[in-house]
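To start, the structure itself, in structure tokens.
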Amino acid sequence: MGGISIWQVIIVVLVVAVLFGGKRLRNLGGDLGASLKGFKKAMKDEDSNHIEHKDSDIQSTAKTVEKEESK
Numbered sequence: 265m266g267g268i269s270i271w272q273v274i275i276v277v278l279v280v281a282v283l284f285g286g287k288r289l290r291n292l293g294g295d296l297g298a299s300l301k302g303f304k305k306a307m308k309d310e311d312s313n314h315i316e317h318k319d320s321d322i323q324s325t326a327k328t329v330e331k332e333e334s335k
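For the sequence shown, our numbering gives the first residue as 265, with consecutive numbering after it.
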């Protein structure tokens, strides 16, 4: 009763297709795909930068501990 039926989805898809047309929908789909690809790449780059930053923090902490132990 409160959910979306398959008929409602079909009607919405048909209305969108009529309003925007096939060519415009293809362009919109391509733009959306490129946006998602860019977002995923940015997230991957951010994760690798975060890991490198943590690694450098660990190395500097290890050097500090070694200096303290050698005293």
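Built from N, CA and C at the ideal position, the CB exists for glycine as well.
The model shown is predicted, which means the values in this text are computed figures rather than measured ones.
DSSP state of I322 mapped onto helix, strand, coil: Residue mapping note: residue 322 aligns to position 58 of the sequence shown, counting from 1. Here I322 sits in helix by DSSP.
Delimiting residues of the alpha helix (DSSP H) encompassing I275: Looking up residue 275 in the sequence shown gives position 11. Here the alpha helix (DSSP H) through I275 covers 270 to 284.
Whether A298 touches L289 by CB criterion (8 Å): The residue you call residue 298 lines up with position 34 of the sequence shown. The residue you call residue 289 lines up with position 25 of the sequence shown. Cβ atoms of A298 and L289: not closer than 8 Å.
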